[in-house]
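*Asks:* One structure, pasted below without further comment.
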């Protein structure tokens, strides 16, 4: 047996005939068609719990797949306003005597958001782009306002 110098970590020797270390590319691979459709579907179905899932998918996977970018942005644009209404309604529901009204508004808003998100998720899972009725495009407006500031 040939003496080999210890590796830099000192834990075990590296064989002389081992393959060199292959670097991992710094950029993530583009999504294939099935993954693109899967994450676009998840962006819409995530609306059941609010705007956060579609925001995370849009920010992390939007550049890797065109369908994911388009549909996560659509889902985020639609779910942002109802999410804000639900959170404000939950906060205002703590007011004595009239809090039940705000709790009812928050509950009804969530039911509409959840139903629309599931319908959109089913359509997108079939490979069809989906546009919500009554979409306020709140995320686009906030981004445009942010970009307009110096």
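Numbering (this note's numbering), first residue to last: 4 to 153. Ideal Cβ positions, reconstructed from N, Cα and C, are used throughout, including at glycine.
(1) So, residue 81 versus residue 95, is the Cβ gap smaller than 8 angstroms?
(2) Inspect the CB distances between the segment 117-124 and the segment 28-37 and report whether three or more fall short of 8 angstroms.
(3) Quick check: what's the CA-CA separation for residue 146 versus residue 117?
(4) Looking at C-beta atoms only, is the number of pairs between the segment 125-135 and the segment 37-54 that lie closer than 8 angstroms three or more?
(5) Where residue 174 and residue 149 are concerned, what is the direct C-alpha to C-alpha distance, given to the nearest angstrom?
(6) Excluding sequence positions up to five away, which residues of its chain have a Cβ less than 6 angstroms from the Cβ of residue 56?
(7) Which residues in the same chain have their Cβ closer than 7 angstroms to the Cβ of residue 79, if we skip the five residues on either side of it in sequence?
(8) For the putative contact between residue 88 and residue 112, defined by C-beta atoms under 8 angstroms, what is the C-beta separation to the nearest angstrom?
*Replies:* Looking at the coordinates:
(1) No.
(2) No, they do not touch.
(3) When the Cα atoms are used, residue 146 and residue 117 turn out to be separated by approximately 25 angstroms.
(4) Yes, since at least three Cβ pairs between the segment 125-135 and the segment 37-54 fall closer than 8 angstroms, the two stretches touch.
(5) It is not possible to answer for residue 174, since the shown part of the chain is limited to 4 through 153.
(6) Once the five neighbours on either side are set aside, the close Cβ partners of residue 56 are 49.
(7) If we look at residue 79 and ignore the five residues flanking it on each side, its Cβ neighbours are 54, 57, 58, 61 and 142.
(8) Going by Cβ atoms, the distance from residue 88 to residue 112 rounds to 5 angstroms, so yes, they are a contact pair.
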